[in-house]
Structures are given as C-alpha cells and as structure tokens.
Amino acid sequence: MAWLALLVGTSLLALTALVLAHAMSRGSATGLLIAAYVIGWTELVCVTLGLSAVHAVTRGALLATLGCAAGVALFARRRSLSADAVSSSSQTQLAALRRALGDRILLSLATAVAAGVAYAVALTVVTPQNDDDVIFDHLLRAALWRQSHAVGHPFCACAPYIQTYPPHGEIGSLFAMVLGPGDRFVGLVQTVAYLVTTVGVVGLARRIGLSPREAVFGGLVFATLPIVVLQASTAQNDLLVASFLVAAVFFLLDASPKAPWLAGAATALAVGTKVTAPLALPLLSAIAIMIAATHRMQRLLALVGGTALGAYWYVSNALHYGAWNFGFPEGAAGGPADVAARWLRLGIEFIDLAGARGRDIWLYPLAAVLIAVILVASSAAGRTRRPSVALSAALLLVGSSPLLLRPLARASVHAYASLWLRLDRPDLANLDTGRDITYAASNFSWYGPLGLLLLLALPFLAVGVVRRRRIGTTAALMAIAPLYWLIAVSLTVKYQEWDGRFFMFPMALAASTLGLLWRFRTLTLALTGIAVTALALVLVNDGKRPAGLPLLEPGPRHHPLSRPAGSEQGSGRARSHPTRCRLPVFRPLALSSGGPPSPRNTRRASSQLGVRRAGLG
Numbered sequence: 224m225a226w227l228a229l230l231v232g233t234s235l236l237a238l239t240a241l242v243l244a245h246a247m248s249r250g251s252a253t254g255l256l257i258a259a260y261v262i263g264w265t266e267l268v269c270v271t272l273g274l275s276a277v278h279a280v281t282r283g284a285l286l287a288t289l290g291c292a293a294g295v296a297l298f299a300r301r302r303s304l305s306a307d308a309v310s311s312s313s314q315t316q317l318a319a320l321r322r323a324l325g326d327r328i329l330l331s332l333a334t335a336v337a338a339g340v341a342y343a344v345a346l347t348v349v350t351p352q353n354d355d356d357v358i359f360d361h362l363l364r365a366a367l368w369r370q371s372h373a374v375g376h377p378f379c380a381c382a383p384y385i386q387t388y389p390p391h392g393e394i395g396s397l398f399a400m401v402l403g404p405g406d407r408f409v410g411l412v413q414t415v416a417y418l419v420t421t422v423g424v425v426g427l428a429r430r431i432g433l434s435p436r437e438a439v440f441g442g443l444v445f446a447t448l449p450i451v452v453l454q455a456s457t458a459q460n461d462l463l464v465a466s467f468l469v470a471a472v473f474f475l476l477d478a479s480p481k482a483p484w485l486a487g488a489a490t491a492l493a494v495g496t497k498v499t500a501p502l503a504l505p506l507l508s509a510i511a512i513m514i515a516a517t518h519r520m521q522r523l524l525a526l527v528g529g530t531a532l533g534a535y536w537y538v539s540n541a542l543h544y545g546a547w548n549f550g551f552p553e554g555a556a557g558g559p560a561d562v563a564a565r566w567l568r569l570g571i572e573f574i575d576l577a578g579a580r581g582r583d584i585w586l587y588p589l590a591a592v593l594i595a596v597i598l599v600a601s602s603a604a605g606r607t608r609r610p611s612v613a614l615s616a617a618l619l620l621v622g623s624s625p626l627l628l629r630p631l632a633r634a635s636v637h638a639y640a641s642l643w644l645r646l647d648r649p650d651l652a653n654l655d656t657g658r659d660i661t662y663a664a665s666n667f668s669w670y671g672p673l674g675l676l677l678l679l680a681l682p683f684l685a686v687g688v689v690r691r692r693r694i695g696t697t698a699a700l701m702a703i704a705p706l707y708w709l710i711a712v713s714l715t716v717k718y719q720e721w722d723g724r725f726f727m728f729p730m731a732l733a734a735s736t737l738g739l740l741w742r743f744r745t746l747t748l749a750l751t752g753i754a755v756t757a758l759a760l761v762l763v764n765d766g767k768r769p770a771g772l773p774l775l776e777p778g779p780r781h782h783p784l785s786r787p788a789g790s791e792q793g794s795g796r797a798r799s800h801p802t803r804c805r806l807p808v809f810r811p812l813a814l815s816s817g818g819p820p821s822p823r824n825t826r827r828a829s830s831q832l833g834v835r836r837a838g839l840g
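Each position in the sequence shown, counted from 1, maps to that position plus 223 in this note's numbering.
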C-alpha cells in the first residue's frame, strides 16, 4: 500500500528531525517544533540530492536511507535523550495556550482556522490539483524527476522554465509522489508549511515580547488571510518559502549558541526554494544586526553561509546554461517611471475582497451585527458587562469597513490611470486596470480586507509603541516589512497579476506584531469578525475549487469533494486534457558527485509523459 510507505517515510523523517532538534533546541516546544521542521527538510533535501547522484530516488532507496538516518540519530543520542525537559516546556506552553484559548475571541478564531485546515486537508486528499501553475510547473517537474529517479535539469521544450527554478519545493512533491500513490498527497507539503508558519508567527510575537494571547491572536489572524489559506491545499511553494524565512527570523532572535546553525539552514532552504527568497536577505541581515552585539557576527555569518549553500542550483544553472536563471523568471524592466508604476499598482492590489462576490460582501456587516447581538445577549445573561452604545457603534463601523473597499479600489485605479495618461504613458496607465478584486484563487488573491491594515496602519502603531519603549525596535522592523517588500518587488520583479503570493513572508512578520491591537477589545472583536468572514468566503467561493454552497450571491452548485478525482475542477481555465512533454536529455545536477546518468535515463525521446491538468496520478 503506497500510503503506508509514505506514512513510514514521513515518520522516519520526523523521528530523525525531532531527535536532532532536541539536541539543538532545548528551549520552548515552539522552538523544538520549528527546529524539527528545518532539520527534517534539510535531511530530505540532502538525501534526495545524494540519491540523485546515482539515479536512485526510488521508494526502496528512500525508505532505506531514511531508516538508516533515523537509526544513526537514535544511536548517537541514546544517552542524552530525555523527555523531561521537553515535556516540562511543552506542558508550560500548552497551559499558556489553554489560558489564551479561554478567551472567546481567540477560541472563535481557532475554531474557524481548525475548520479551514480540515477543509484544506480534505481538498488535498480527495480532489486533484488543478491550478495551472501547479500542473505545468511544480508537478510536471516532480513527475519528470520521478521518471528519471533523480533531481536534475530535464530539458522540456514545452516548459523550459522548469529546468532552472530552485528545486526544494518540488523535492517535497517528489517525496510524496515516490512514496505515496501518485500526486494524491502532494498538497500536504504546503498544509504542513501553513501550520508551521502560523506557529512561527506566534513564536515571533513571543520573541518580541508580546503576551501569549497577543501572540496567538496574530498567528490566528495570519492563518485566515485569503491567499494563505487558499494555498494550504495546493502543491505551490509560496507558503513553503515563507515558512523557511519565518523559521530563519525565529532562530535569529534565539539566544542559544546553536540557533545560528538553524537560521543558516532555514535560509539555505528558502534560497533553494524560490527566486524571490533573496529579497528577504536585507531584512534578515537587519534583524541580525539589531540583536545583542555578542551574537551579531555569528548570525551574519550564518546568513552568508546559508545563502551560499542554498544557491547551489544557480551555480548548476550557470554550469549547464551559462546563466544563473536561463532567462526565467523575467526581471523588471524600464526606468524610474516603470518602477513607480509597479509600486503604485501593487499597492492598489492590497485593496482586496477575495471571495466577496456580488451580494456576498454584505456578510461582513452581518457578521458585525451578529457579534453585537451576541455581546448584548451575553450581557443580558450576566456573563459580560453591557456594551455601550459607542462600543456597539464602533464595532459595527469597523466590521462594515470592507464595504468601502470596492469603491476605494475603483477610485484608486481611476486615479492611477489618470496620472499616467497625464504623463503620456498609456502603457503604464492600462496596467491590469480590469482586475477583479473579488476573484478568489490560490495564485491570484491577495490578503483580503485585513491586508491594508497590515500594510499601512500597523507600522505606525508599532513605531509608536516602540517609541514608548514597550517593545524593542525589532517589532517595528517586522511591522514595516510589507512596505519594504513592496519596494523590493517593484524594483526586481516584472509586474504580473499573481504577485500577491510573493508577500507571504513579510505579511507573516507584520502579523506577528498584530497583537499590539489586543488591548483595544472593540477593534479586536471587529477584526475577528472580518477575519472569520474572509476565511469562509474564500473557501466557499474559491474560483478553482468552489464549495458549491449558496450564500447571498448564487454560485456554482457542485462541490469539489463530490466529484471524481479525474474530473475537471474550478473554472473553465482548467480544462482536463493531456499535455505531452518530450524528454530529449535528462541532465543530472551539475554539482553531483556521481557519474553520468545511465542510458535508460538519457535515451532520446522514445517515451512521453502524459500529464493531465486535473491531476497527476
């Protein structure tokens, strides 16, 4: 049974990671979990690349290697393994978590997030991957590697970009496809990244001095952001790179002597996952500089070393093709006007109402009314104080604020276009002017109504709190991370309507400071209503895998969980048809120490790989 092999392989990987994490991170249970995640991924990448040198990425070889690694780790740590310290720390943190969830706001958020995770897992296991980017990039690449039993550079005329992108995300998919039943479980790679990133946001909030309830609030709100939760059921890699970068920041803020090693490993994993990861290096360096002087040099060296190790794929590209990226992805072009246009247009795209189609937008004020009614009923029962008229009015006002976003988006796009038309730049004026801010998809959506708060309002609050010396300057740096990222992406990345997914890491940093709003109870109540409503809307109105549940706006009646695994899902953009990809040459990784690939794997196009857009399997 293929799923059993995947379960055994994952268990062996987790066992080794936990044993080594126990040796390297003796602090909190949060630190142990994130350390195990980084170590597990490092082991998976090293094992896969090592087996690729001899074209031996097979089920038997993977299980044998992971089993040996687990045995060696257990033997080496047999005398120092003790569950007492970890158990004590875990019990302390679980007690703090239970106290935090005793608050009804956090309990409501946690319940909504748990339901979203369960739905994401169900989508991953029961339905096929049907995102264009997944089918024609991530899974196609992993399938070619699986066919050749090695990670390398498969020449593919129909999709040349798959030869040059960093491989770590697809190594996770390859692991699930080699050990599991085809591509059924590939989406769980990002589901785990979603959970670890959420835990990382909570951990970062605690690192900068926020209370447990403040930290949990920020983590749970991050977990409800539209594109974050939509990607939790896909085989893309944006959540994955965000999880690595959040882990890097977490260990940069850790005072233990072994933390720099983990920060460097997380940086290497991120750089080897996505070409946008190096944009985080200035942020990581600034955080490393802000910590105690005695640790500064160690952490900076860890970042440099991690970046150098993670860049091995770019070196391999240069050796194979004479260029680090072989022309993919396309970089940003033009002068200062083009950069300014991208900066303005990307900023406007933070005005997002993903999933709020038509009359469904009225669910936001309805949620605010429901919260106000619950408060009044609770006060009548003597459980809480009676809410004042001003409090109720403020709650309704903030909860209804998403109604303003649609006219705000229209006015902003109109002002943007008018500006560039006056400057005689119609090419810039027409940049994505017909964008639908309510369309929900894992590669198209942004961060919902709370995205603007994280981008614009939170930095001012964080700077003010820092000036009053309540928390350190690192918190202010995290709060302004989305603003920095907006500038960095405008300077380096060509504009495309899917740029929102590149912002997950800075939005996670900003969300870690969201607990600063916790003491404003009316505001946190309203934000909770907005977050839960946004989560429900994007899951129900997912443009590619709609839930088929009627809300205020009539929509598709079918449900993805009720359709066969090979059927077409989502919009008409994802029709099921075979894509044939010839494999003239399979080039091994240039840095591998093994000999040339066997004739069986390098034969000229005598075989074809059939890939169905409705799912590989």
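For each residue, glycine too, the CB sits at the ideal point set by N, CA and C.
| query | result |
| --- | --- |
| Whole angstroms is fine: what's the gap from LEU700's alpha carbon to PRO777's? | 43 Å |
| Mind reading off the beta-carbon distance from VAL592 to THR447? Whole number of angstroms is fine, and I expect it under 8 Å. | Not a contact, Cβ separation roughly 20 Å. |
| Are ALA749 and VAL621 closer than 7 Å when you measure CB to CB? | yes |
| So that I know if they touch, is there some Cβ in chain B lying closer than 7 Å to that of TYR707? | Given the protein chain composition of this structure (a single chain), no chain B is represented. |
| According to DSSP, is VAL498 part of a helix, a strand, or is it coil? | coil |
| Helix, strand or coil for ASP477? Go by DSSP, reduced to three states. | coil |
| Since I believe ILE358 is in contact with GLY695 (beta carbons under 8 Å), could you give me their beta-carbon distance rounded to a whole number of angstroms? | Rounded, the Cβ-Cβ distance is 45 Å, inconsistent with contact. |
| Looking only at its chain, what residues have a beta carbon closer than 6 Å to the beta carbon of LEU411, apart from the 5 residues adjacent to it on each side? | THR347 |
| Rounded to whole angstroms, what's the CA-CA distance from LEU230 to THR334? Just pull it up for me. | 27 Å |
| What first and last residue would you give for the alpha helix (DSSP H) that runs through PRO389? | Looking at the DSSP string, PRO389 is not in any alpha helix (DSSP H), and its letter there is neither H nor E. |
| In this structure, does DSSP put VAL716 in helix, strand or coil? | strand |
| Whose CA, out of GLN719, ALA734, ASP655, ASP659, lies closest to the CA of LEU681? | ALA734 |
| State the DSSP-derived secondary structure class of HIS518, mapped to helix, strand or coil. | helix |
| Which class does ALA278 belong to by DSSP, given the choice of helix, strand or coil? | The sequence given here has His at residue 278, not Ala. Reduced to three states, the DSSP call for HIS278 is coil. |
| What separation, rounded to the nearest whole angstrom, lies between the Cα atoms of ALA237 and ALA259? | 7 Å |
| Quick one, are the C-beta atoms of ASN764 and GLY578 less than 7 Å apart? | yes |
| Between which two residues does the alpha helix (DSSP H) harbouring HIS245 extend? | 225-247 |
| Determine whether the beta carbon atoms of VAL424 and GLY442 lie at a separation below 7 Å. | yes |
| State buried or exposed for GLY793, treating a residue as buried only when at least 16 other CB atoms are found within 10 Å of its CB. | Any reading at GLY793 must be qualified, since the residue scores a pLDDT of 38, below 50, and its modelled position is unreliable; no value is offered. |
| Between the region 766-774 and the region 662-671, are three or more C-beta pairs nearer than 8 Å? | yes |
| So, using beta-carbon positions, are GLY723 and TRP669 closer together than 7 Å? | yes |
| Can you tell me whether ARG633 is buried or exposed? The criterion is at least 16 other CB atoms within 10 Å of its CB, across all chains shown. | exposed |
| According to DSSP, is GLY283 helix, strand or coil? | helix |
| What number of angstroms, rounded off, separates the C-alpha of GLY232 from the C-alpha of LEU274? | 15 Å |
| Using a 10 Å radius around the Cβ and a threshold of 16 neighbouring Cβ atoms, would you call MET400 buried or exposed? | buried |
| Does the contact criterion of 3 or more C-beta pairs under 8 Å hold for the region 465-481 versus the region 672-687? | no |
| Please work out which residues of its chain come closer than 8 Å, Cβ to Cβ, to THR747, disregarding the five sequence neighbours upstream and downstream, and give them in chain order. | ILE328, PHE440, LEU740, TRP741 |
| What are the residues that DSSP puts in a beta bridge with ASP765? | ALA663 |
| Would you call VAL716 buried or exposed, if buried means 16 or more other Cβ atoms sit within 10 Å of its Cβ? | buried |
| Do LEU235 and GLY290 count as a contact pair if the criterion is CB distance below 7 Å? | yes |
| To the nearest angstrom, report how far apart VAL573 and ALA640 are at their CA atoms. | Reading off the sequence, residue 573 comes out as Phe, not Val. Taking the straight line from one Cα to the other gives about 17 Å. |
| What is the DSSP secondary structure of ILE262, counted as helix, strand or coil? | helix |
| Just mark HIS637 as buried or exposed, buried being the case when its beta carbon has 16 or more other beta carbons within 10 Å. | exposed |
| Considering just the uninterrupted stretch of the alpha helix (DSSP H) at TYR535, what are its terminal residues? | 535-544 |
| Distance check for GLU393 and ALA489, CA to CA, integer angstroms please. | 17 Å |
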